[in-house]
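Here's the structure, in structure tokens; my notes come after.
There are 2 protein chains.
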Amino acid sequence: MNGLMMQMPLLISSLIVHADRHHGNAEIVSRRVEGDIHRCTYSDCHRRSRQMANALAGLGIGRSDRVATLAWNGYRHLELYYAVSGSGAVLHTMNPRLHPDQVVYIADHAEDRILFFDLSFLSIVQAIAGRVKTIKTFVAMTDRVHLPKDAGIANLLCYEDLIEGNSDAYEWPSFDENLASSMCYTSGTTGNPKGVLYSHRSTVLHTYAVALPDSLNCSAKDAILPVVPMFHVNAWGLPYVACMTGAKLVLPGPRLDGKSLHDLMEAEQVTVSAGVPTVWQALLVYLEQNHLKFATMNRTVIGGSACPPAMLRKFQETYGVYVLHAWGMTEMSPVGTVCSFKAKHAAASAEERYGVQAKQGRGVYGVDMKIVDPNGADLPWDGNASGDLMVRGPWILSRYFKDEGGDPLQNGWFPTGDVAKIDPDGYMQITDRSKDVIKSGGEWIGSIDLENVAMGHPAVAMAACIAVRHPKWDERPLLVVQKKPGAELSREDLLKFYEGKIARWWTPDDVVFVDAIPLGATGKMLKNRLREQFKDYKLPGV
Amino acid sequence: MNGLMMQMPLLISSLIVHADRHHGNAEIVSRRVEGDIHRCTYSDCHRRSRQMANALAGLGIGRSDRVATLAWNGYRHLELYYAVSGSGAVLHTMNPRLHPDQVVYIADHAEDRILFFDLSFLSIVQAIAGRVKTIKTFVAMTDRVHLPKDAGIANLLCYEDLIEGNSDAYEWPSFDENLASSMCYTSGTTGNPKGVLYSHRSTVLHTYAVALPDSLNCSAKDAILPVVPMFHVNAWGLPYVACMTGAKLVLPGPRLDGKSLHDLMEAEQVTVSAGVPTVWQALLVYLEQNHLKFATMNRTVIGGSACPPAMLRKFQETYGVYVLHAWGMTEMSPVGTVCSFKAKHAAASAEERYGVQAKQGRGVYGVDMKIVDPNGADLPWDGNASGDLMVRGPWILSRYFKDEGGDPLQNGWFPTGDVAKIDPDGYMQITDRSKDVIKSGGEWIGSIDLENVAMGHPAVAMAACIAVRHPKWDERPLLVVQKKPGAELSREDLLKFYEGKIARWWTPDDVVFVDAIPLGATGKMLKNRLREQFKDYKLPGV
């Protein structure tokens, strides 16, 4: 016997409708590619999204057609989030940091019909326009004044012309909540990129979970600045969270340097931000060099990679910005865990609290997780046992687009590729990527722990620890270090810095200094490239 | 084309599983019918719920069978929330304040198979046991020591015997999330009670929405004391919210007097509570008389009836307890709106903020609302237009159990029976129940406004304003007042108190003092009974 509640599908369009009705005057502030600051409201966004939905229909975009973007965080990109998904098409946010060859591969694989792009990416579009198979229309996200002449792109349309040329009379259609809403390709380090296809249901459920007090804790009192790009797993869901909660939304556009971010945060009284550690590193350096603080920022979400403990302390102690350590994956929409305190931690010492915050946190309700041994058997949540982290839930991938890579699940669970511990309070800590683990003499050494120690040294800007082959131990750790500009640091001093901080046998066998550690399109360190570079490296004494 | 996310149904069992895994040691503290304080954890609750699920199967309870309760807020009732719904049966929480005739009617109508009851309600059970048609088994929610001898009830079982006699090896079944999970009858003032049938989907979605920062803002740092009964619309969802968030749960059992509540709040460091105005009135009187304060309580949710402005000020100014004014209905699971501030209110004056807080608040995301004129046409959200409030959403009723009362919807919207205004910021304010509106000379007078003024007078304990027939104006307002014990107050003084607070023509035509205003089973004033009592009342000058 079923319950007798209304059958109302969970649809993305209802988020912008809600924001318009309850928070019609709340602001969306964007730094534009054109350089200026643009201000509009949720009512404006809703009206223009409806105009764009009519424009898409006029361009022949139908149910489930893929609409690609190459765009920064800005109000036009936000309009596409609602216009495309809301009308029943699929928003395919592409990563402009990818090589044009990869962009072509992804666009063809997704069978994108149309591409919207910010002018910053004109050269990419020029490079791919003649090569992509299914994209027949290109839309420059600008007005007629800024539209490039003679861009050499056939069928180049102007975004503002499409808006102006269409009525805002549009009824958001209703459909099955399982309909595909958006897609994102994983920047896999091996094999072809794989498409992750989100649904309206998964997106709305994820939005509820991410906004909860013990997740990102977002409300109408907030001003949210997502540094994490809208082309990267939907900016961790924040464009949806903003509409659900009516928070002011501040979109930084192309300028992600320390000064630009800090200026915008101060001018717009931002209360919460979100991004990967590498972005924050640059911001912290800028603040330090210029003796600046934050007036209104009270917390920031750090994910994508483990947050180095030194960064956590710096944010909290120097700047009064509470750090929410989080973990997720493109395949998880992306949020899986967020590190919020429990009641009992109020009485804990500062060091105990940092011990908790070093972990990636507790599973948000909706995400099931477990750790398993190599045979797939459950491992205890005792804070010691370390194993492959498996997840499941309504916003976690069941298979990739076009079944790329075959069935990814193991008995209904998605293997994350991360190795983790979980403590009795349910706090999960990633100890490594399974492919980054260093297997020394039959034991595992977690590369992240070794990197975190190095990152605590004042002269280190970035550190990557990789396995190097060893005749006796199979593998031993090599530390690859990028120093801060102008800093002095010797191999010996850095190795000495490890004393007392980790088990002696975990100490890296050697240190190499590089000009720059290579970063991937989403800001993560490309350790596979370092492993390739140092695959024949001779460790001392070998 | 559907998204490629996992198909995981939203099930109530996943709430207790989540609480056990992530908050296994968080406490559930209950004042028992036996008088003592009982302490257990979410892990205990999960284990005993599994034992009870096995017990229910042993008693022949299958999918969608109705299991009734007559019980206070306590850990055993909580176990039934999860054991019954989690196993696929339907939890039917009955209101023990109803007349035994009504209990019989409801139990028969629901076709309850079994009844669990707290010993406080033994006399009700004795009164109905021989009369109910489908209940064949009665379970006293106590241990063998406290089990009444010779209760005169056939098939009387002991709760703790059922727990002890069953294994905790139980796998929560998976099923369609639309399956019925629980039911509650509305204590309608006219016609037969009508059953509202919730589903797993509606319950889980409601739980997400209720826990949000701008709703009840619940987290693992909270200790929640629901004064609102678990037999009344699932205690506004708090037993589910507690599991979703891992908050400590404090259950007051039968003792809802001011002293008992305050003692428990202080002893268990409660941070948030929820209940109807009449309960808070008693608590505030107790605090005032005994010069007490709250050490940890920082907010309370007030719903069920409009919160009198004087109560709001008292809580916030005298006790530092922030009031969350909320509105909902049994048919809405129940939460529809919660009154949380927006960013812009931070700079508002205290009086402006009280003006906002007097309203029932903004729609929580998931609830659509609108106000319409008598012809069903939309009215503007301008803070002035007042009309019938309509709602829709995935946790709002589509029809009553067994289609009692016919199709309740109007073009897909549920008519709430409330009359309301909505301001441009989306804040809704109930001006009246449509049946309580006083129609004077073709204009409407809101009875709630008139009651709120009276409640602001220090000598008034409770006030109800009702329409009395008038030869010239059709209807005019009569104020029915219950004075505070020992307080002195004349008709003239009270009418004078209205001067300058409302439009002159709204002033009640007369005041009558009564010993006690009659209250319904959920603590609301029974204005229909007052209208009956005063239907021939002669107003002065008529």
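Taken in sequence, the protein lines are chains L and D.
Here the first sequence is numbered in the numbering used here, starting from 1 and rising by one per residue.
Here the second sequence is numbered in the numbering used here, starting from 1 and rising by one per residue.
Idealized CB from N, CA, C, for every residue including glycine.
Being a predicted model, the structure only gives us computed values, none of them experimental.
| Check | Outcome |
| --- | --- |
| Own chain, CB closer than 7 Å to Gly178/L, minus 5 neighbours either side, in chain order | For the sequence presented, residue 178/L should be read as Asn rather than Gly. Excluding sequence neighbours, Asn178/L sits near Ser199 and Arg201. |
| DSSP state of Val17/D mapped onto helix, strand, coil | helix |
| Short CB-CB distance (under 9 Å) between Lys248/L and chain D | yes |
| Rounded C-alpha distance that separates Ala368/D from Val391/D | Note that residue 368/D is Asp in the sequence shown here, rather than Ala. Approximately 6 Å, taken between the alpha carbons. |
| N- and C-terminal bounds of the beta strand (DSSP E) containing Ile371/D | Asp368 to Val372 |
| Straight-line Cα distance separating Pro374/L from Val279/L | 35 Å |
| Range of the contiguous beta strand (DSSP E) that encloses Thr300/D | Arg299 to Ile302 |
| Cross-chain neighbours of Pro380/L in chain D, by beta carbon under 7 Å | Simply none; closest approach about 12 Å. |
| Identity of the residue in Gly523/D, Pro540/D and Pro485/D nearest Asp510/D by Cα | Pro540/D |
| Validate contact between the segment 24-38 of chain D and the segment 492-512 of chain L using beta carbons, cut 8 Å, 3 pairs | no |
| 8 Å contact criterion, which Ser440/L and Asp474/L should meet: CB distance rounded | 7 Å |
| Best match in Asn411/D, Tyr427/D and Ser386/D for proximity to Arg433/D [C-alpha to C-alpha] | Ser386/D |
| Residue-chain proximity (Met1/D, chain L), Cβ-Cβ < 9 Å | yes |
| Residue interval of the alpha helix (DSSP H) (run including Ile560/D) | For residue 560/D there is no data in the structure shown, the boundaries of chain D being 1 and 542. |
| Alpha carbon of Met230/D to alpha carbon of Tyr400/D, nearest angstrom | 20 Å |
| Residues that DSSP places opposite Thr69/L in a beta bridge | Thr93/L and Phe116/L |
| The segment 267-275 of chain L contacting the segment 101-114 of chain L, beta-carbon criterion three pairs below 8 Å | no |
| Integer Cβ distance of Ala463/L from Lys221/D, believed to fall under 8 Å | Incorrect: roughly 34 Å between the Cβ atoms, too far for contact. |
| Distance between Ala242/L and Asp436/D (C-alpha atoms, nearest Å) | 38 Å |
| Sufficient close CB pairs (3 or more, under 8 Å) joining the segment 278-294 of chain D to the segment 92-109 of chain D | no |
| Close Cβ partners of His345/L (< 7 Å) along its chain, the five nearest in sequence each way excluded | Arg353 and Val356 |
| Other residues of its chain near Tyr537/D: CB distance less than 7 Å, five sequence neighbours each side excluded | Val468 and Leu478 |
| Contact belief for Gly376/L with Gln410/L at Cβ below 8 Å, rounded distance in angstroms | 7 Å |
| Buried versus exposed call for Gly446/L [16 or more other C-beta atoms within 10 Å across all chains shown] | buried |
| Beta-carbon spacing of Val90/D, Asp65/D below 9 Å | yes |
| Proximity test, Cβ basis, 9 Å: Ile302/D and chain L | no |
| Sub-9 Å separation of Ala461/D and Lys484/D beta-carbons | yes |
| Beta-carbon proximity list for Asp20/D, same chain, < 6 Å, skipping 5 on both sides | Tyr42, Ser43 and His46 |
| Contact set for Gly363/D: own chain, Cβ-Cβ below 6 Å, skip 5 residues either direction | Thr337 and Met369 |
| Identity of the residues DSSP links to Arg392/L by a beta bridge | Asp368/L |
| Beta-carbon contacts of Leu256/L that lie in its chain and below 7 Å, excluding the five residues immediately before and after | Val227 and Val279 |
| Cβ pair Gly86/D, Ser13/D closer than 9 Å | yes |
| Span of the beta strand (DSSP E), counted from its first residue to its last, around Ile124/L | Here Ile124/L belongs to no beta strand (DSSP E); instead the alpha helix (DSSP H) covers Leu122 to Ile128. |
| Residue-level contact to chain L via CB, Trp584/D, 9 Å cutoff | What is shown of chain D runs 1 to 542, which leaves residue 584/D out entirely. |
| Cβ neighbour criterion (16 or more within 10 Å) applied to His262/D | buried |
| Val481/L, buried or exposed, once every other Cβ within 10 Å from all chains shown has been counted against 16 | buried |
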